[in-house]
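Trainee:
Listed below in structure tokens is the structure:
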């Protein structure tokens with residue numbers, strides 16, 4: 148199973164591999180301001196196009212598989228981004244992250260729908276371990292990931308330099324394969340509740 152293969156869709160979201168089709172949609176979205184606050188620094192500068200080009204290059208190198216999040220209930224309108232990162236086939240682990248959705252969709256099961264698709268893709272790929280690295284101050288995201296059943300393993304101090312030059316601590320969360328299977332069941336229930 149290719150991590151970046153198309154075909155990720157459920158009742159609430161449709162994930163398409165991020166490519167040039169989505170550059171201007173992302174630029175025009177509310178995502179830019181939110182994402183900008185939590186992007187690691189890259190050598191090529193901190194402009195939007197430099198980051199977008201970096202993400203596309205990372206996909207070519209097999210480091211980051213980014214997806215556009217589309218709303219299948221609104222003509223596949225662009226509503227966010229998400230990614231699978233740092234896949235390691237030998238150690239059977241992959242990281243989920245860089246998830247952003249439009250604020251008006253938060254609390255409506257969309258985040259859970261995205262995570263369900265990504266966790267299922269990771270399991271289908273053969274992952275034994277699914278990880279999240281989250282800026283420690285982003286307590287809302289940490290709580291959301293813990294609610295899926297992930298365990299907070301610790302904090303990596305001054306782990307990453309952000310685009311604004313600040314060094315940040317990063318919380319590490321994970322779930323193992325059996326825990327991920329349970330998370331899929333939990334997410335199915337969460338999505339069913341959000342539709343009720």
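Residue numbers (this note's numbering): 148 to 343.
Built from N, CA and C at the ideal position, the CB exists for glycine as well.
Everything numeric in this text was worked out from a predicted model, so none of it was measured.
What residue range does the alpha helix (DSSP H) around residue 290 cover?
Mentor: Within the chain shown, the letter at position 143 stands for residue 290. Its alpha helix (DSSP H) spans residues 286–294.
Trainee: Can you check whether the CB of residue 272 is closer than 8 Å to the CB of residue 241?
Mentor: Taking the chain shown and counting its residues from 1, one reaches residue 241 at position 94. Taking the chain shown and counting its residues from 1, one reaches residue 272 at position 125. It is a contact, given that the beta carbons lie within the stated cut-off.
Trainee: Can we say the segment 260–270 touches the segment 235–252, given the rule of at least three CB pairs closer than 8 Å?
Mentor: yes
Trainee: I'd like the span of the alpha helix (DSSP H) that includes residue 265, first residue to last.
Mentor: The sequence position of residue 265 within the chain shown is 118, counting from 1. Residue 265 -> alpha helix (DSSP H) spans 257–272.
Trainee: For residue 160, which three-state DSSP category applies?
Mentor: Indexing the chain shown from 1 puts residue 160 at position 13. Coil at residue 160, not helix or strand.
Trainee: From the DSSP output, in three-state form, read off residue 232 for me.
Mentor: Your numbering for residue 232 matches position 85 in the chain shown. Of the three classes helix, strand and coil, the one that applies to residue 232 here is strand, per DSSP.
Trainee: Hey, residue 275 and residue 323 are a contact pair by Cβ (cut 8 Å); roughly how many whole angstroms apart?
Mentor: Here residue 275 refers to the residue found at position 128 of the chain shown. Here residue 323 refers to the residue found at position 176 of the chain shown. Rounded, the Cβ-Cβ distance is 7 Å, consistent with contact.
Trainee: Whose C-beta lies closer than 7 Å to the C-beta of residue 318 among residues of the same chain, with five residues either side of it excluded?
Mentor: Indexing the chain shown from 1 puts residue 318 at position 171. Answer for residue 318: 281, 283, 289, 299, 302, listed in chain order.
Trainee: In the DSSP assignment, find the alpha helix (DSSP H) that holds residue 195 and state where it starts and stops.
Mentor: The residue you call residue 195 lines up with position 48 of the chain shown. Taken as a continuous stretch (DSSP letters only), the alpha helix (DSSP H) holding residue 195 covers 195–207.
Trainee: Between 221, 201, 209, which lies nearest to residue 158 when the distance is taken from Cα to Cα?
Mentor: Locating residue 158 in the chain shown gives position 11, counting from the first residue. Of the candidates 221, 201, 209, the one whose C-alpha sits nearest the C-alpha of residue 158 is 221.
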